[in-house]
Every structure is written in C-alpha cells, then in structure tokens.
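Numbering of the sequence shown is given in our numbering, commencing with residue 284 and proceeding in unit increments. Worksheet for the structure shown next.
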Amino acid sequence: MGKADVAIKSWLKDSNRFADLFNGIIFGGRNVILSENLTEVNSESDVIIVGKNNKSRVVEKYRDIIMRWKDNLYLVLLAVEIQDRIHYGMPVRKMLYDALSYTDQMRNIWQNSSAVVYNKKVETDEFLSRFRKDDKLYPVITIVFYYGDEWDGNFDLYDMFGFDDDLLNKEDMKTLKKYISNYKITVFNPSLEKNLNIFKSDLQKVFEMIKYKGDKKGLIEYTTQNRDYFSCVDYETSQAIKALLGTGDLLKHTLNSKTKEGNDVCKALQDLYDDGITEGKKIGREEGREEGREEGREEGKILAFSEMGFSLEEIANRISKPLEYVEEVIGLQTI
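Below is the structure:
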C-alpha cells in the first residue's frame, strides 16, 4: 500500500466517517449504521490449501479496512479496499477476500463451538465440514474506494468472462448463466458522485473539494467559502486531502502539523497558488531574456552578412527568416 493509500486509510478508519461512508452508499444517507456499533477487525485473513500431493500452502491476504457492525438484530462485516489505480481483476480479488473472510468465520465458529470445547459428540458430516448444520455466517460487504480517473475496469465476474453473443444465442447464454455464479463489486468514486448530500460528516466537504481537483482557482474559492471547516482540519484529514488531490509533495510543508490548532487548508492552497504564479512569472522572465538573447544573435548575423555585401534575399535564405524580417532589421539599423 502506497503512502497516499495509507493516509486515506487512516482517515476513513475513523468510526464516524466509516459509518457515514456506508450509510451514504448503501442506505442513501439514512443513519442506519451507528459509529458506536462498529468495531475494527484484524485485517489479515489466511487459509491453508492442501493439494493432491498433500503439500500445503498458505493463502494470506490483508484487507485495507474491515469493521464489525454489531446491531441488536444482526452482525455484518464491512470492508473497504482503497484504490488510486484501476485493478482490472478486482471482481476476482474481492471474491477471494470475501471468501477468506467467510473461511475465517467458519474456522472461528468451529473452534469456539461448545461441541469442540467440551468434546461433545457431533455428526460425522458436521465433523468433516468443520461447520454444524445450525451454524450461521455473517455477511460481508466490500466497497472499492477509488479516487483515480473514471473506472473503466470490470464491475463483475461476467465482465471478465467476455461473453460473446455471436457465439451463443440468447437462450443458450441465459441457460449458461444459471450455472455460472456471478460476483459483483461496488466501486465508489467520490469525484464522480453527483449527490454528496447523502453524507452527513466531513466526508461531504472533502468529497466536494475533490471535484475541483486540477482547478486551483475553483479549489481556493470552494475552501474559502467553507473556511469554517478548512481553516482548521486535523492531521489525518490534511494528509487525506493531500492524497485525494494528488498534491502530496507540493503541500507537504504547509500541511504537516500534528498540533491541536490543526492545519489551515485554505492558506496552504493559497500559498501553493501564489507560489505557482510567482514561479510562472520567474519562468516567463527567463524565457523572455532567452528570447531576447536569441533575437539579438539573429540581428547580429543579419548586420554582419549585410556588411559583407550579401543581398537581402541571400541573408534571408542563410538565416531561414522571411525577407520582410531582414528588411526590418536593416531598416532599423540605418535609422
């Protein structure tokens, strides 16, 4: 995981933001998931696979963020995978992550069952399954948090199969799909979300800010309009903003404070904008001086050739310039 992803992970791990993210995406902004009902879960999942030759290998994966949502009525595992680049195999990757989560559940349920703890007799099939008939799993919901350009990757397993309607008629394809399990992914791109009112925490302001990525003037205007929030953000938020805007190195000195006063994003962006204008002027002056030097060299050549007796046409051909330009230089010199 890159430094930018780590910054966003630290920011989204806050239980209030995490709950708000899922409430917005899944429940349209209704306050169904409460932050106090969330508990962070170990992000590591692994399973031992034994092959035909009895050799075993461990498949080990790490989630970016995973939380247990425990309500009075149900328990659900909520996970977030953070991406700044498109992963074209994401449906399979998500399927593997979720499968490992379910495998972990089965293992924990079996190890903690009263039958195993107290050496009670269990049915043969249950013993072989390591899962009793009445045991139940908790559902896993995974969201892909993508903050790059528009996602043009696959959204489900069927996309990866590349079904060709020309090879099979619609009826045969429909029949095949009954026996081929699909696996879909939910991709959330904050910069493309049209209705940000579904978020109630500071996610709304930061996600709205991302829409101005690449528009420095618009970015400064937006943060200035929301100065009450952006003039004093916590360290995690400032690092997430740098990552989401793609300005990590440019803002690393001005948004790197862990003090109680927080970071002033408005000032940091204004300073960045002003520095850009100053640098632009500096480059412009340098380019102007260079252009002036080049023009002086060309005029010197024209005058030298003229003193040597070359005609205006010959001079224009030698320096690859229009005849009018040569005439203008000679004319200015004789004034």
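All residues carry an ideal CB built from backbone N, CA and C; glycine is no exception. Owing to the predicted nature of the structure, the values given are computational and were not obtained by experimental measurement.
query: Where Tyr380 falls: helix, strand or coil (DSSP); result: helix
query: Burial state of Arg368 (16 or more Cβ within 10 Å); result: exposed
query: Uninterrupted alpha helix (DSSP H) stretches inside the stretch 436-461 (no shorter than 4 residues); result: 440-444 and 453-460
query: Distance between Leu361 and Met378 (C-alpha atoms, nearest Å); result: 14 Å
query: Minimum C-alpha distance to Arg413 - residue among Lys404, Phe428 and Trp393; result: Trp393
query: Range covered by the alpha helix (DSSP H) that runs through Tyr249; result: Since the first and last residues shown for the chain are 284 and 618, residue 249 lies out of range.
query: Of the residues Ile308, Val363, Ile503 and Tyr421, the one placed nearest Thr386, counting alpha carbons only; result: Tyr421
query: Buried versus exposed call for Ser594 [16 or more other C-beta atoms within 10 Å across all chains shown]; result: exposed
query: Distance between Asn465 and Tyr441 (C-alpha atoms, nearest Å); result: 6 Å
query: Val612 vs Glu582 beta-carbon contact at 7 Å; result: yes
query: Three-state class that DSSP yields for Gly324 in the structure shown; result: The question names Gly, but residue 324 is Val in the sequence shown. Reduced to three states, the DSSP call for Val324 is coil.
query: Short Cβ contact (7 Å threshold) for Gly311 with Ile481; result: yes
query: 7 Å Cβ cutoff met for Phe490 and Leu479; result: yes
query: For Asp517 and Asp439, the rounded distance between their alpha carbons; result: 37 Å
query: Short Cβ contact (7 Å threshold) for Lys292 with Ile349; result: no
query: For Lys488, the three-state DSSP class (helix, strand or coil); result: helix
query: CB contact below 7 Å: Phe471 versus chain D; result: Of the chains in the structure shown, none is chain D; there is only one protein chain.
query: Rounded straight-line distance, which links the Cα of Lys499 to that of Arg351; result: 39 Å
query: Neighbourhood of Tyr429 by C-beta distance below 6 Å, restricted to the same chain and skipping five residues each side; result: Gln366, Val470 and Asn472
query: Proximity of Met443 and Asn437 at Cβ, strictly below 7 Å; result: yes
query: For Gly307, three-class secondary structure by DSSP; result: helix
query: Cβ distance (whole Å) where Lys344 is taken to contact Thr322 below 8 Å; result: Lys344 to Thr322, Cβ: 20 Å. No contact.
query: Asp303 versus Leu356 - alpha carbon distance; result: 20 Å
query: In DSSP terms, what Met350 is bridged to; result: Glu323 and Leu361
query: Backbone CA spacing between Leu606 and Arg580 [nearest angstrom]; result: 17 Å
query: First through last residue of the alpha helix (DSSP H) which encompasses Tyr430; result: Counting along the chain, Tyr430 falls outside any alpha helix (DSSP H), and DSSP gives it neither H nor E.
query: Extent of the continuous beta strand (DSSP E) to which Phe471 belongs; result: Thr469 to Phe471
query: Assumed close pair Arg300, Ser484 - CB separation to whole angstroms, cut-off 8 Å; result: 5 Å
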